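Taken in sequence, the protein lines are chains A and B. Here my numbering is used: the first residue of the first sequence is 1, the next is one more, and so on. Here my numbering is used: the first residue of the second sequence is 1, the next is one more, and so on. Built from N, CA and C at the ideal position, the CB exists for glycine as well. Computed from a predicted model, the values in this text were never measured in an experiment. Read through the structure below, which is laid out as structure tokens, and then see the notes.
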Amino acid sequence: MSNVLAVLFDGVVYSSWLFLMAAGLTLIYGVMKILNIAHGSLYALGAYTAATLAGAWLAAGLPAAGSYAMLALAALLVGVVMGPLLERGLLKWMYGKDEVVLLLVTYAAFLILEDATKLIWGVESQTLSEPYSLPGNFQIGDLAYPVYNLLLIAVAIVTGLALAWALYRTRQGKLLLAVIHDREISEAMGINVNRVYLVTFSVGSALAALGGALTAPTIAVSPGIGVEVIVLSFAVVVVGGLGSLGGAALGALMVGIARSAAVRYWPEAELFTIYFVMALVLVVRPRGLFSAPEARRI
Amino acid sequence: MTRTGWLGTALLTLSCSLAAQPALAQQPLKVGVVTFLSGPAAGPFGVPARNGFELVAEMINAGTVPAPYAGKGFGGRPIELVVIDEAGGPQKQVAEFRNLAERVDVVVGYISSGDCLAIAPVAEELKKLTVLFDCGTPRIFEDASYKYVFRTGGTGTMDNTAAALYTLERNPNIRSIAGINQNYAWGQDSWTDFEAAMKALKPGIEVKTSQMTKFMSGQFGAEISTLLSSGADVIHSSFWGGDLEGLVLQGAPRGLFQKHLVVLSAGEPGINRLGTKIPDGTIIGARGPFGPFAPDTDFNRWFKNAFQDRYNVPPNYAAYKATNALLGLKTAYEKAQKAGAANPNQDQIIAAFENLTFEGVGGTVKMALGKGHQAVMDNAIGTAKTVGGELRIVDVKRYPADRVNPPEGTKSEAWIKSGFKQ
């Protein structure tokens, strides 16, 4: 019984982490129809900025609890600075071009940001373990788990609910949904599409950075951490259906729990799990679990 | 032309050719250096190795390396490094090697086992003297025979046989093991060797689980839960870089290192990064007698201090192995000179390099395997212990080279299964 609970809990923790990245990626795709490869770099930037800010906070001898605020601040900073920089400075000039061109542009941005990260932080890894160990552990059966994992789950749930509320319950969200539905009609109706794009990309960037910032205390923040993330996030978004927030949540949960079960009961298959889930879903629903039916334009 | 004129011309030609002899000797020997300058392996291995190459090349040229390497350059000939990045995978490295081979006299490099396996046959095809310095797979010289390829670092076999010996000598009642390793050649070979060594040394030992994680996946929550539930007495890991640090950062707070005896067979580069975050009692290897495992000799102190003074960090095993590669090459070059070649050509250097024994930082290096092309060294393993707020390596045990390496002509796997018979 405790084994099953452990599999579920490990799966949910992993899913929460996946969801934070996938939510930003699917939001950007839903609104802007851009598969943003640079999402991985924004995740890495979030992790590096968090390690720097929280590290400086702790080094200054300030209360350790404040380091959590530094993690949030790091995500916000990356979203506010990098979102507009990439959207206004680069992507804006590419709108209207083929989706493949936009994909290549974001890939170029990914490579540039990876090198910029190395230029700023070097190739040595950064560690920030205090926020992870500070709240202590709790038990599930015989297994000790860091309370920090509960924080990660809580942040993922709150983020998902906040995004859903903002999208479906606010005026701005409804404007955004209108842009998702039809950009041209929305523009004709007076919606400032450029501003919607800017806000969407910045929020998506902040979500990627939040994923990185919350991961920083659990890993060695080192060059290349964004590469793995982008592959996993894409897989989750494809499982859930491109552009669907609910799909990203369910996709993350499916992938997370399947991976966790494989690690325990069939470790040889672990590497294959995520692609197995993706293949299984795509066989049944080729456009993903929650993809909206696409209207054919005449 | 008169007889005097002919004689004058002949004398002039002779004097010019004699003058050209030392001039040729002064032309730098170009050494292509290949090491990770980007990607996840740059921080723990690639950059420390490059630093080791550059520092020691500079000191070799200045003649400030202690005896027996005090002579300037390679037998008076300065060396010039051409450094390139190892990142990009074997296919890219093969293309890079083909370009580099045209620009340099000798290539020294390669950290990744995958890159070494790809480069060795190409070096042979291009007839370019190539010295591998760090990669660990024993397959290079066990599955093939090369004339132009040498390796001055030991194989991964000695890391894991020494780790198994050390673990069982101190904990003879161990009944079960588990592993968490990266799912590529390095991690797979390391686990295979460790598992086989433990089974050979203690028949009946049980394997509880073998976790093979994706390279640089970073998140090990489910793996740590599985290891914690496994009931294994010992957990073996050949993790390095970010994965190693992630395992310690995520595993230590959950009691992984308290509940199990953890063996980090390539853990030494993590010592500088993690310090006291590595829990007491963790068994650590350095892929040879390097870093804190190196003997306290004048030669080792010289290297350690010179590196520390230049880069403000102690050298890790990658820096040691880079240095040994250059010292081995210098020894071979000068041995060829002593054999009568003032400016030895590649074949003469190769002949001198085969079966060479030279003094490396960390101890004596013998090119004893692979028909004289593969090095063996003693190996040392120790235990982490925090003393006065600093991580120390205590209870260091040094194993002679022939205790932890197979004899010439025997494959590692068969030798381990035979119970390490010499």
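- prompt: Any C-beta of chain A sitting closer than 7 Å to the C-beta of S225 of chain B?
  reply: yes
The stretch 199-230 of chain B: positions lying closer than 8 Å to chain A by Cβ: T209, S210, Q211, M212, T213, K214, M216, S217, G218, Q219, G221, A222, E223, S225, T226, L228, S229
Between the CA atoms of W121 of chain A and I140 of chain A - distance to the nearest angstrom: 38 Å
Span separating the alpha-carbon of Y333 of chain B from that of S113 of chain B: 26 Å
task: Please work out which residues of its chain come closer than 7 Å, Cβ to Cβ, to D378 of chain B, disregarding the five sequence neighbours upstream and downstream, and give them in chain order.
output: P289, G363, R398, Y399, P400, A401
message: Under 8 Å: do the stretch 112-131 of chain A and the stretch 220-230 of chain A share three or more Cβ pairs, one atom per stretch?
response: yes
Among A:T170, A:L53, A:N149, A:A69, the one whose alpha carbon lies nearest that of A6 of chain A: A:N149
field: Per DSSP, cross-strand counterpart(s) of K338 of chain B
entry: Beta-bridge pairing links K338 of chain B to no other residue.
message: On the DSSP letters alone, give me the boundaries of the beta strand (DSSP E) that P146 of chain A sits inside.
response: 143-146
field: Against chain B: residues of the stretch 72-99 of chain A by CB proximity under 9 Å
entry: none
- request: Could you tell me whether any Cβ in chain A is nearer than 7 Å to the Cβ of E80 of chain B?
  value: no
Sequence ranges, alpha helix (DSSP H) only - wholly within the stretch 169-225 of chain A, length at least 4: 171-181, 183-188, 193-215
Backbone CA spacing between G382 of chain B and I393 of chain B [nearest angstrom]: 6 Å
field: Contacts of T52 of chain A in chain D (Cβ-Cβ under 9 Å)
entry: Absent from the structure is chain D; the protein chains it does hold are A and B.
field: Rounded straight-line distance, which links the Cα of V193 of chain A to that of E187 of chain A
entry: 6 Å
message: Runs of 4 residues minimum, wholly inside the stretch 135-216 of chain B: which ones carry the alpha helix (DSSP H) assignment?
response: 139-142, 156-170, 185-201
message: Any contact between the stretch 297-316 of chain B and the stretch 214-223 of chain B? By contact I mean 3 or more CB pairs, one from each, below 8 Å.
response: no
- prompt: Do you know offhand how far P68 of chain B's Cα is from L327 of chain B's?
  reply: 10 Å
- prompt: Cβ atoms of V131 of chain B and A325 of chain B: under 7 Å apart, would you say?
  reply: yes
query: With C-beta atoms as the reference, is G242 of chain B less than 7 Å away from P406 of chain B?
result: no
- prompt: What residues in the stretch 139-163 of chain A bring their beta carbon closer than 8 Å to a beta carbon of chain B?
  reply: D142, L143, A144, Y145, P146, N149
task: Would you give the residue range spanned by the beta strand (DSSP E) that Y399 of chain B belongs to?
output: 390-399
- prompt: Are the C-beta of D10 of chain A and some C-beta of chain B separated by less than 7 Å?
  reply: yes
message: With a threshold of 8 Å, are at least 3 pairs of Cβ atoms found where one atom belongs to the stretch 135-149 of chain B and the other to the stretch 166-181 of chain B?
response: no
Where V236 of chain A falls: helix, strand or coil (DSSP): helix
- prompt: Which residues, in order along the stretch 266-285 of chain B, keep a beta-carbon less than 8 Å from a beta-carbon of chain A?
  reply: R273, L274, K277
field: Nearest-angstrom Cα separation, counted from N137 of chain A out to G251 of chain B
entry: 12 Å
message: What would DSSP say about H373 of chain B, mapped onto helix, strand or coil?
response: coil
- prompt: If Y43 of chain A sits next to G211 of chain A, beta carbons under 8 Å apart, how far is it from one beta carbon to the other, in whole angstroms?
  reply: 5 Å
message: One question on the structure: do A178 of chain B and L249 of chain B come within less than 7 Å of each other, judged by their Cβ atoms?
response: no
- prompt: At a Cβ threshold of 7 Å, is L249 of chain B touching chain A?
  reply: yes
query: What residues match up with R77 of chain B in a beta bridge as DSSP calls it?
result: B:F74
message: Given this structure, state the Cα-to-Cα distance separating S16 of chain A from L129 of chain B, to the nearest angstrom.
response: 52 Å
- prompt: Are the C-beta atoms of L271 of chain A and some chain B residue less than 7 Å apart?
  reply: yes
message: Taking 7 Å as the threshold (beta carbon to beta carbon), is R310 of chain B in contact with chain A?
response: no
- request: Using 10 angstroms around the beta-carbon of D10 of chain A, count the other beta-carbons present and answer buried if the total reaches 16, otherwise exposed.
  value: buried
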